[in-house]
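A.B. asks: The following block contains the structure, expressed as structure tokens.
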Amino acid sequence: MEKNFSLFLKEAQNKGSLKYFTNFDLSSVCSAGTGGSAVFFITPYTVSSLTETVKSANCCGIKYRVIGNASNILFPDQGFDGAIISSKKINTVRVNINSETGKKEIYAECGVMLPVLSKLALKNSLYGFAGLTSIPATVGGALITNAGAFGDEISDTLTSFTVYLPERDKTEERTPASYPFSYRNSNAAEGGAIILSALFSPNTANMVEIREKMLQNTEKRKATQPFGVKSVGSFFKKPDYITVNKNVSSEFYGKSAGEIIEICGLKGKTIGGASVSKKHAGFLINSGNATTSDFLLLAENVKRIVFEKTGIILIEECIKIN
Ligand SMILES: Cc1cc2nc3c(=O)[nH]c(=O)nc-3n(C[C@H](O)[C@H](O)[C@H](O)COP(=O)(O)OP(=O)(O)OC[C@H]3O[C@@H](n4cnc5c(N)ncnc54)[C@H](O)[C@@H]3O)c2cc1C
């Protein structure tokens with residue numbers, strides 16, 4: 084079966100519809116710099132090449148995972164026994180005029196990076212992307228995690244998105260109303276769907292104000308978060324004080340994961356090569372030759388200590404790939 088899949092990949096690469104590698108070092112693409120090797124690492128160039136690759140993996144019984152910029156995932160140290168399919172080269176993005184409303188809208192394929200999207204929005208005086216400007220995510224990944232910062236979330240201006248359903252070999256258009264988004268969570272991938280593209284209908288605003296907001300956000304990020312360091316961003320979500328941690332004492336209630344971890348005295352705590360950032364305690368960083376196991380062990384320790392000291396249950400934002 085692996086032979087058939089290899090054959091498919093060879094032919095597709097020869098036709099120029101994708102590029103692939105075997106025995107690929109995943110730590111080279113993971114933003115935390117960890118993980119073993121994948122049997123196959125594939126970068127399709129088009130949406131149809133992506134769906135064909137997934138279809139072929141399915142037919143050949145090859146385990147696979149579609150990823151974006153790998154900025155929110157940890158790969159296993161022992162490697163991935165299958166195909167990692169990266170959407171990063173599928174990156175057409177354009178501004179259309181909606182024929183009914185006359186309003187500008189943005190069409191973006193799954194591999195478009197959020198900084199590119201927000202710059203295009205700025206150029207067109209479109210509002211709602213300024214907070215997303217420094218998030219190192221693709222549109223596909225951002226839709227899965229409902230990425231956001233500084234008051235903007237990717238789902239705020241989203242009107243529809245197209246997915247591929249591998250089990251039914253079918254593409255489908257979805258709306259946020261039917262597949263709701265919430266804080267760092269979404270139902271976009273329900274039924275094992277793969278995000279192919281998205282359509283955004285933002286409002287217009289003054290370009291100078293949008294640029295100012297983008298600059299302020301970038302400055303805030305630089306001042307408060309570790310920069311140029313390997314990490315997956317905030318490792319934990321802001322605690323849920325409505326349903327999970329509602330009986331927590333007022334001393335801690337409402338605080339972010341970073342603030343809680345700092346109060347617990349965990350800044351700088353290190354296990355192996357993974358540490359709690361001294362600049363922002365919500366970030367677990369690769370301070371040396373960290374492994375995924377170091378990150379997971381550190382995260383477990385942080386969760387345990389936080390729970391013992393505050394009663395708060397922290398939930399991971401970062402996704403572990405199996
Ligand atoms: C320095 C740094 C700063 C960060 N700051 C922020 C921030 O301010 N706000 C924030 O929300 N996040 C932040 N993050 C986290 C991260 O960027 C987001 O979670 C982002 O949405 C992940 O996008 P990605 O393209 O890297 O997805 P990946 O990490 O590659 O994948 C995330 C998940 O989505 C799935 N996936 C990816 N693409 C597709 C697709 N096309 N179809 C189906 N499934 C798919 C993957 O299988 C995985 O389960 C930060 C990360 C770093 C490293």
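Numbering of the sequence shown is given in the numbering used here, commencing with residue 84 and proceeding in unit increments. Even for Gly, the Cβ is constructed at its ideal location relative to N, Cα and C.
If we call anything under 8 Å between Cβ atoms a contact, is ASN286 one with ALA232?
C.D. replies: For this step, residue 286 is matched to residue 203 along the sequence shown. For this step, residue 232 is matched to residue 149 along the sequence shown. For ASN286 and ALA232, no; Cβs fall outside 8 Å.
A.B. asks: From which residue to which residue does the alpha helix (DSSP H) around PHE378 run?
C.D. replies: By one-based count along the sequence shown, residue 378 stands at place 295. Looking at the DSSP string, the run of the alpha helix (DSSP H) that includes PHE378 is 375-393.
A.B. asks: Output the distance between the C-alpha atoms of ASN270 and ILE156, rounded to the nearest integer angstrom.
C.D. replies: Residue numbering aside, residue 270 sits at position 187 when the sequence shown is read from its first letter. Residue numbering aside, residue 156 sits at position 73 when the sequence shown is read from its first letter. Approximately 18 Å, taken between the alpha carbons.
A.B. asks: Runs of 4 residues minimum, wholly inside the segment 232-320: which ones carry the alpha helix (DSSP H) assignment?
C.D. replies: 290-307
A.B. asks: In the DSSP output, what is ASN179 paired with across the bridge?
C.D. replies: Here residue 179 refers to the residue found at position 96 of the sequence shown. Paired residues: GLU188.
A.B. asks: Between SER265, LYS320, GLY211, which has its C-alpha nearest GLY234's C-alpha?
C.D. replies: One-based indexing of the sequence shown puts residue 234 at position 151. Closest option to GLY234, Cα to Cα, is GLY211.
A.B. asks: Quick check for students: name the residue ranges of the beta strand (DSSP E) that lie wholly in the segment 330-369, counting only runs of 3 or more.
C.D. replies: For the beta strand (DSSP E) assignment, the uninterrupted runs of no fewer than 3 residues enclosed by the segment 330-369 are, from N- to C-terminal side, 357-359, 366-369.
A.B. asks: Could you tell me whether the Cβ of GLY394 comes closer than 8 Å to any Cβ of chain C?
C.D. replies: Of the protein chains in this structure there is only one, and it is not chain C.
A.B. asks: Expressed to the nearest angstrom, what Euclidean distance is found between the alpha-carbon atoms of GLY194 and ALA281?
C.D. replies: Position 111 of the sequence shown, counted from the start, is the residue given in the question as residue 194. Position 198 of the sequence shown, counted from the start, is the residue given in the question as residue 281. GLY194 and ALA281 have their C-alpha atoms some 10 Å from each other.
A.B. asks: Taking SER169 and ILE150 to be in contact with their CB atoms under 8 Å, please state how far apart those CB atoms are, rounded to whole angstroms.
C.D. replies: Counting from 1 along the sequence shown, the entry for residue 169 is found at position 86. Counting from 1 along the sequence shown, the entry for residue 150 is found at position 67. Indeed they touch by this definition, with Cβ atoms about 6 Å apart.
A.B. asks: Can you tell me whether LYS321 is buried or exposed? The criterion is at least 16 other CB atoms within 10 Å of its CB, across all chains shown.
C.D. replies: In the sequence shown, residue 321 corresponds to position 238, counting from 1. With 16 or more Cβ atoms within 10 Å of its Cβ, LYS321 is classed as buried.
A.B. asks: Specify, as a first and last residue, the run of the alpha helix (DSSP H) that GLY165 falls within.
C.D. replies: Working through the sequence shown from its first residue, we reach residue 165 at position 82. Run containing GLY165: none in the alpha helix (DSSP H); it sits in the beta strand (DSSP E), 163-169.
A.B. asks: For THR136, which of PHE158, SER100, PHE107 has the nearest alpha-carbon?
C.D. replies: On the sequence shown, position 53 is the one that residue 136 refers to. If you compare the alpha carbons of PHE158, SER100, PHE107 with that of THR136, the shortest gap goes to SER100.
A.B. asks: Across which residues does DSSP place ALA121 in a beta bridge pair?
C.D. replies: Along the sequence shown, one-based indexing puts residue 121 at 38. In DSSP, ALA121 forms a bridge with PHE107, PHE163.
A.B. asks: According to DSSP, TYR147 sits in a beta bridge with which residue or residues?
C.D. replies: One-based indexing of the sequence shown puts residue 147 at position 64. ALA166, per the DSSP bridge assignment.
A.B. asks: How do the segment 200-210 and the segment 174-190 stand: do at least 3 beta-carbon pairs fall below 8 Å, yes or no?
C.D. replies: yes
A.B. asks: Using CA coordinates, which residue listed in TYR247, GLU250, LEU241, PRO249 is at the minimum distance from SER265?
C.D. replies: One-based indexing of the sequence shown puts residue 265 at position 182. It is LEU241.
A.B. asks: Using DSSP with H/G/I as helix, E/B as strand and the rest coil, what is GLU400?
C.D. replies: The residue you call residue 400 lines up with position 317 of the sequence shown. DSSP, read as helix, strand or coil, puts GLU400 in coil.
A.B. asks: Would you check if the segment 307-321 and the segment 360-379 touch, i.e. whether three or more CB-CB distances between them fall below 8 Å?
C.D. replies: yes
A.B. asks: Return yes when the C-beta of ASN181 is under 7 Å from any heavy atom of ligand 1, and no when it is not.
C.D. replies: The residue labelled residue 181 in the question sits at position 98 within the sequence shown. Answer for ASN181: no, Cβ out of range of ligand 1.
A.B. asks: Can at least three beta-carbon pairs, one atom from the segment 380-389 and one from the segment 355-364, be found at a separation below 8 Å?
C.D. replies: yes
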